[in-house]
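So the structure is just underneath, and the comments pick up after that.
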Amino acid sequence: MDISRCIACGQPVKDHWLERCEDLYLCTPYVVDYGVCEGCRLVQQVPIPCDTRTFYPESYPMHHERSWFFSLARRVMIRRVYFEPKESAAGAVLMDFGCGDGSYLESIRDDVGEIIGFEPVSEQAERVRERLGCKVYNSIGEAEGDLKERVDVITAHFVVEHLTDLHLVFGFWSRILKDGGIVHIAVPNIRSWEARKFRKHWHGLDAPRHISFPEGDSLSILAKSHGFRLADSRYGIFPNTWAGSLATVLAGRYRHSLFLAFMPLCYLLSCLFPNSTTVFTLIKNARFSLEGSRHE
Ligand SMILES: [Zn+2]
Numbered sequence: 019m020d021i022s023r024c025i026a027c028g029q030p031v032k033d034h035w036l037e038r039c040e041d042l043y044l045c046t047p048y049v050v051d052y053g054v055c056e057g058c059r060l061v062q063q064v065p066i067p068c069d070t071r072t073f074y075p076e077s078y079p080m081h082h083e084r085s086w087f088f089s090l091a092r093r094v095m096i097r098r099v100y101f102e103p104k105e106s107a108a109g110a111v112l113m114d115f116g117c118g119d120g121s122y123l124e125s126i127r128d129d130v131g132e133i134i135g136f137e138p139v140s141e142q143a144e145r146v147r148e149r150l151g152c153k154v155y156n157s158i159g160e161a162e163g164d165l166k167e168r169v170d171v172i173t174a175h176f177v178v179e180h181l182t183d184l185h186l187v188f189g190f191w192s193r194i195l196k197d198g199g200i201v202h203i204a205v206p207n208i209r210s211w212e213a214r215k216f217r218k219h220w221h222g223l224d225a226p227r228h229i230s231f232p233e234g235d236s237l238s239i240l241a242k243s244h245g246f247r248l249a250d251s252r253y254g255i256f257p258n259t260w261a262g263s264l265a266t267v268l269a270g271r272y273r274h275s276l277f278l279a280f281m282p283l284c285y286l287l288s289c290l291f292p293n294s295t296t297v298f299t300l301i302k303n304a305r306f307s308l309e310g311s312r313h314e
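The numbering of the sequence shown is my numbering, which starts it at 19 and goes up by one.
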């Protein structure tokens with residue numbers, strides 16, 4: 019792969035958008051640069067790393083079962099960012115792509131027909147499989163063989179920004195979804211007020227783990243390339259990036275105690291400036307929109 023090309027549209031990427039970004043969250047030794055695509059304006063790392071496994075130390079929080087406090091906070095404060103199954107989803111097959119510790123799947127398991135996890139780290143996939151008793155894939159090839167056009171809903175909460183090969187994953191999603199199936203994507207908004215103000219200290223940047231920030235033209239290109247229609251995009255209230263950013267600015271690096279202390283204030287801030295996260299809904303098979311059917 020040409021390392022100076024956009025991973026969404028293939029156009030050249032102009033570097034120097036944000037340079038020398040250190041890992042202020044987990045303190046791994048990596049320092050990365052971000053550039054912006056001259057075509058679709060995607061912000062992405064330059065160069066795109068070949069192997070990201072060492073960016074995720076054993077302490078990576080998403081690979082551990084979350085506390086009751088986190089689960090409660092997610093239910094109460096950030097629920098508008100996560101996919102909430104409606105009554106009509108009672109029989110749906112739902113895959114959570116990048117399911118982490120499986121707590122989202124656990125929270126909606128009674129609201130859908132079947133839950134399926136996807137988690138690339140095999141040990142993590144095994145842990146979730148044992149805990150929830152559902153299928154958890156860690157290989158695209160294996161999942162595609164079992165699930166071709168069987169899935170109704172794919173959720174990808176704060177996952178897309180970690181991917182080095184966006185087309186590989188969007189193509190996979192398209193092949194396992196039924197016609198009319200939906201993809202629900204939540205991604206930190208690199209154009210938000212807080213991202214512009216905090217810059218390298220913005221918690222949503224999460225260098226080196228966040229590779230790119232699809233939105234606008236780049237997300238539309240990815241959707242169209244794989245047979246999706248971009249049905250909806252909206253902002254979601256997400257106080258975590260506010261709280262994490264303030265904690266990082268104050269201490270020079272992320273401190274969880276400060277993050278928790280800032281959380282009540284940051285919930286109010288995120289309601290006042292509710293654009294730190296963007297939520298996209300894609301629908302497979304654009305013909306449906308031309309025929310006037312509604313799937314939103
Ligand atoms: Zn591009």
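Where is the CB? At the ideal position from N, CA and C, for every residue including glycine.
Whole angstroms is fine: what's the gap from residue i's alpha carbon to residue j's?
| i | j | result |
| --- | --- | --- |
| Leu195 | His244 | 11 angstroms |
| Arg247 | Ala269 | 43 angstroms |
| Ile133 | Glu105 | 15 angstroms |
| Asp69 | Leu60 | 21 angstroms |
| Lys242 | Asp119 | 31 angstroms |
| His274 | Gly262 | 8 angstroms |
| Pro65 | Tyr43 | 21 angstroms |
| Leu287 | Asp164 | 44 angstroms |
| Asp129 | Leu36 | 42 angstroms |
| Pro67 | Leu112 | 30 angstroms |
| Val146 | Phe190 | 21 angstroms |
| Lys153 | Pro257 | 32 angstroms |
| Leu150 | Ile126 | 12 angstroms |
| Trp220 | Tyr272 | 10 angstroms |
| Ser22 | Asp183 | 14 angstroms |
| Gly116 | Ile158 | 12 angstroms |
| Ala204 | Arg98 | 10 angstroms |
What is the DSSP secondary structure of residue i, counted as helix, strand or coil?
| i | result |
| --- | --- |
| Pro47 | coil |
| Pro206 | strand |
| Leu264 | helix |
| Gly53 | strand |
| Val316 | For the chain, the structure presents residues 19 to 314; residue 316 sits outside this window and is missing. |
| Ser275 | helix |
| Ala269 | helix |
| Ser243 | helix |
| Pro257 | helix |
| Glu76 | coil |
| Leu286 | helix |
| Arg59 | coil |
| Phe291 | coil |
| Leu42 | coil |
Let's test the definition: count the other Cβ atoms within 10 Å of the Cβ of residue i and tell me whether it reaches 16, buried, or not, exposed.
| i | result |
| --- | --- |
| Glu160 | exposed |
| Arg214 | exposed |
| Pro79 | exposed |
| Arg209 | exposed |
| Trp211 | exposed |
| Arg38 | exposed |
| Leu237 | buried |
| Leu290 | exposed |
| Arg71 | exposed |
| Lys166 | exposed |
| Glu179 | buried |
| His34 | exposed |
| Glu227 | According to the sequence shown, residue 227 is Arg rather than Glu. It is buried - the Cβ of Arg227 has at least 16 other Cβ atoms within 10 Å. |
| Ala108 | exposed |
Within a Cβ cutoff of 6 angstroms, which residues of the same chain sit near residue i, ignoring the five residues on either side of it in sequence?
| i | result |
| --- | --- |
| Glu40 | Val49 |
| Glu233 | Thr296 |
| Glu309 | Any reading at Glu309 must be qualified, since the residue scores a pLDDT of 38, below 50, and its modelled position is unreliable; no value is offered. |
| His185 | none |
| Asp114 | Tyr122, Leu123, Gly135, Thr173 |
| Cys284 | Pro257, Trp260, Ala261 |
Which same chain residues end up closer than 7 angstroms to residue i when comparing Cβ atoms and leaving out the 5 residues on each side of it in sequence?
| i | result |
| --- | --- |
| Leu181 | Val187, Ile229 |
| Trp277 | Before going further, note that residue 277 is Phe rather than Trp in the sequence given. Once the five neighbours on either side are set aside, the close Cβ partners of Phe277 are Ala261, Gly262, Ala265. |
| Phe73 | Thr46, Tyr48, Pro226, Arg227 |
| Val177 | Phe115, Gly116 |
In its own chain, which residues sit with a C-beta less than 8 angstroms from the C-beta of residue i, not counting the 5 before and 5 after it?
| i | result |
| --- | --- |
| Gly28 | Gly57 |
| Asn345 | Any question about residue 345 goes unanswered here, given that the chain covers just 19 to 314. |
| Ser77 | Leu44 |
| Ile239 | Ala26, Cys27, Cys58 |
| Ile200 | Asp170, Val171, Ile172, Ala249, Thr299, Leu300, Ile301, Lys302, His313 |
Ligand 2 and residue i: does any heavy atom of the ligand fall closer than 7 angstroms to the residue's C-beta?
| i | result |
| --- | --- |
| Ser236 | The model depicted lacks ligand 2 and carries ligand 1 instead. |
Inset, instruction - Entirely within the region 153-241 and at least 4 residues each: give me those alpha helix (DSSP H) ranges in chain order. - result: Runs found: 158-165, 184-194, 211-216.
Inset, instruction - Return the chain-ordered ranges of every beta strand (DSSP E) run that is complete within the region 89-142 and spans a minimum of 3 residues. - result: Qualifying beta strand (DSSP E) stretches, in chain order: 111-115, 132-136.
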